[in-house]
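Going by the working numbering, the sequence shown opens with residue 453, and the numbers climb by one from there. Cβ coordinates follow ideal geometry from the N, Cα and C atoms, glycine included. Fair warning: this is a prediction, and the values are worked out from it, not measured in the lab. In what follows, a single structure is set out as structure tokens and then discussed.
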Amino acid sequence: RPDLKIVITSATIDTAKFSAAFDGAPIIQVSGRVYPVEVRYWPLEELLGDGEDFSYVDAAVCAVEKLVQESTSGDILLFMPGEHDIRETRDLLKGRLAAEVVPLFGRLTAAEQQRVFAPGPQRRVVVATNIAETSLTIPRIRYVVDAGLARLNRFNPSTQTQRLPIEAISRSSCDQRKGRCGRVQDGICVRLYSEEDFLSRPEHTQPEIQRADLAEVVLRMLELNLGDVHAFPFIDPPQPRAIEAGYRLLGELGAIDKDRRLSALGRDMARMATAPTVSRMVIQARWEDALPEVLVIAAAISIRDPRERPEELAAEADRQHRQFIDRRSDFLTLLHIWNTYHDRFEELKTQNQMRKFCRRHFLSFNRMREWRDIHAQLSGTAGELEGAR
């Protein structure tokens, strides 16, 4: 295929490893104009003293206060590992600073996230998760305060459970955070850990394939006849026990036989663009004459919760959401949201009217549209299944 070109772009990958995996593919580095960034190491114990009972939240608040006292201008971007830490940090900073404190994390509404791109006359402190690490550039940032932590998705093959522990980030992620300042002027990056700590960290974040549930990967590879998963030349090979856990789950779901070949049920599951557990649920629903309802629920659990709860309107959002609640099950609550939305969609038709409906009921218009798209995709696939039992 001389006509086929593959371009791999990333801010943090191990370029040498990927180049070697693709037969010595050329590496092109594209750099924008970057101003000098001074790195300062302010470990927790230096900021707050050895004998005190403190956390990285306390250290972050102390570092921000110190920067505000030392300077009169320049917005500050503070990286924290999770939503709870962001809310706690914001609450501690409010009232202490002559600055606006703006949170930024994935579960905020689109309107709340847009606030970071519209700075006002007041100095700002943006408290963010790693959502601000690579995917966007926040204007007017001169200072970065980095706690050096993030929540990383990890799958435990032994217990078949997913976790989101807080872990130290890699050096490349630290440098990505540093790069958020120095875009329009000289910047300062404050790291709430020592230089020795930084140098001891791995260069790159552990690849997701080494941290994830591999059942869906194994299913796709079996569908494509890629041979023994254990022998496949992954760029970063996963642990054998993680691959075995994937096989084990597929066996429990009936997707493979005792010789680890795809069953008729497994072939049907592989046709759906969802996790194997979800696709198995859809197939079972077809057998149990519950397909319409389960298709809605399966699509819903494939997206983020469509309900929105802006802080300043939390009571009104709760009141609107209360009409959807079914005490018997969260799944039935999702079904009620869908039925209400779908009835109005059939009635209103235009996107502008649907946006108003979603706004009034504190539902994300984009996530509701994504829900509808996935539902349509699943419905089409479910209608074409072989139906073997």
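Simplified DSSP state of residue i, which is helix, strand or coil
{"i": "asparagine 677", "result": "coil"}
{"i": "phenylalanine 776", "result": "coil"}
{"i": "asparagine 608", "result": "strand"}
{"i": "cysteine 641", "result": "strand"}
{"i": "isoleucine 593", "result": "strand"}
{"i": "valine 729", "result": "The sequence as given places threonine at residue 729; valine does not occur at that position. Helix."}
{"i": "glutamine 614", "result": "strand"}
{"i": "leucine 666", "result": "coil"}
{"i": "isoleucine 621", "result": "coil"}
{"i": "proline 744", "result": "helix"}
{"i": "isoleucine 755", "result": "coil"}
{"i": "proline 692", "result": "helix"}
{"i": "arginine 559", "result": "coil"}
{"i": "isoleucine 735", "result": "helix"}
{"i": "valine 568", "result": "helix"}
{"i": "glutamate 768", "result": "helix"}
{"i": "aspartate 711", "result": "coil"}
{"i": "arginine 719", "result": "helix"}
{"i": "alanine 854", "result": "Nothing can be reported for residue 854, as the shown portion of the chain is limited to 453 through 841."}
{"i": "alanine 550", "result": "coil"}
{"i": "arginine 700", "result": "helix"}
Counted within 10 angstroms of its Cβ, other Cβ atoms place residue i as buried (16 or more) or exposed
{"i": "glutamine 628", "result": "buried"}
{"i": "tyrosine 487", "result": "exposed"}
{"i": "arginine 732", "result": "buried"}
{"i": "proline 690", "result": "buried"}
{"i": "tryptophan 494", "result": "buried"}
{"i": "glycine 476", "result": "exposed"}
{"i": "isoleucine 458", "result": "exposed"}
{"i": "asparagine 791", "result": "exposed"}
{"i": "valine 482", "result": "exposed"}
{"i": "isoleucine 590", "result": "buried"}
{"i": "leucine 549", "result": "buried"}
{"i": "glutamate 760", "result": "buried"}
{"i": "glycine 631", "result": "buried"}
{"i": "histidine 827", "result": "buried"}
{"i": "asparagine 677", "result": "exposed"}
{"i": "phenylalanine 569", "result": "exposed"}
{"i": "threonine 726", "result": "buried"}
{"i": "proline 478", "result": "exposed"}
{"i": "glycine 639", "result": "buried"}
{"i": "asparagine 608", "result": "exposed"}
{"i": "proline 762", "result": "exposed"}
{"i": "threonine 657", "result": "buried"}
Alpha-carbon spacing of residue i relative to residue j, whole angstroms
{"i": "glycine 698", "j": "isoleucine 708", "result": "11 Å"}
{"i": "arginine 812", "j": "aspartate 770", "result": "12 Å"}
{"i": "glutamate 647", "j": "tyrosine 595", "result": "18 Å"}
{"i": "aspartate 720", "j": "arginine 738", "result": "12 Å"}
{"i": "leucine 560", "j": "glutamine 775", "result": "22 Å"}
{"i": "valine 597", "j": "isoleucine 661", "result": "30 Å"}
{"i": "arginine 603", "j": "glutamate 564", "result": "22 Å"}
{"i": "phenylalanine 650", "j": "cysteine 514", "result": "20 Å"}
{"i": "arginine 780", "j": "phenylalanine 506", "result": "42 Å"}
{"i": "threonine 613", "j": "valine 669", "result": "17 Å"}
{"i": "glutamate 675", "j": "serine 754", "result": "21 Å"}
{"i": "glutamate 498", "j": "leucine 530", "result": "18 Å"}
{"i": "isoleucine 735", "j": "arginine 453", "result": "37 Å"}
{"i": "arginine 796", "j": "cysteine 810", "result": "10 Å"}
{"i": "arginine 606", "j": "phenylalanine 470", "result": "23 Å"}
{"i": "aspartate 711", "j": "glutamate 696", "result": "13 Å"}
{"i": "histidine 773", "j": "valine 520", "result": "40 Å"}
{"i": "methionine 806", "j": "tyrosine 793", "result": "9 Å"}
{"i": "leucine 666", "j": "leucine 616", "result": "17 Å"}
{"i": "isoleucine 687", "j": "serine 625", "result": "20 Å"}
{"i": "arginine 819", "j": "glycine 558", "result": "13 Å"}
{"i": "isoleucine 777", "j": "alanine 722", "result": "33 Å"}
Cβ distance (whole Å) where residue i is taken to contact residue j below 8 Å
{"i": "glycine 718", "j": "leucine 702", "result": "7 Å"}
{"i": "leucine 601", "j": "alanine 620", "result": "6 Å"}
{"i": "arginine 854", "j": "valine 578", "result": "Lying before the first or after the last residue shown, residue 854 is absent from the chain, which here runs from 453 to 841."}
{"i": "leucine 644", "j": "alanine 599", "result": "5 Å"}
{"i": "alanine 716", "j": "valine 730", "result": "Not quite, the Cβ-Cβ distance comes to about 19 Å (not below 8 Å), so this is no contact."}
{"i": "glycine 634", "j": "valine 489", "result": "4 Å"}
{"i": "tryptophan 823", "j": "alanine 752", "result": "6 Å"}
Distance cut-off 7 Å: residue i Cβ against heavy atoms of the ligand HEM
{"i": "alanine 722", "result": "Summarising the ligand content, the structure contains no ligands, and the ligand HEM is consequently not present."}
Counting only runs of 4+ residues fully inside the stretch 457–541, write out the alpha helix (DSSP H) ranges in chain order. Taking only runs of at least 4 residues, the alpha helix (DSSP H) segments lying wholly in the stretch 457–541 are 467–473, 496–500, 508–522.
Restricting to runs no shorter than 4 residues, where is the alpha helix (DSSP H) found entirely within the stretch 772–840? If we require 4 residues or more, the alpha helix (DSSP H) runs fully inside the stretch 772–840 come out as 782–800, 803–812, 817–834.
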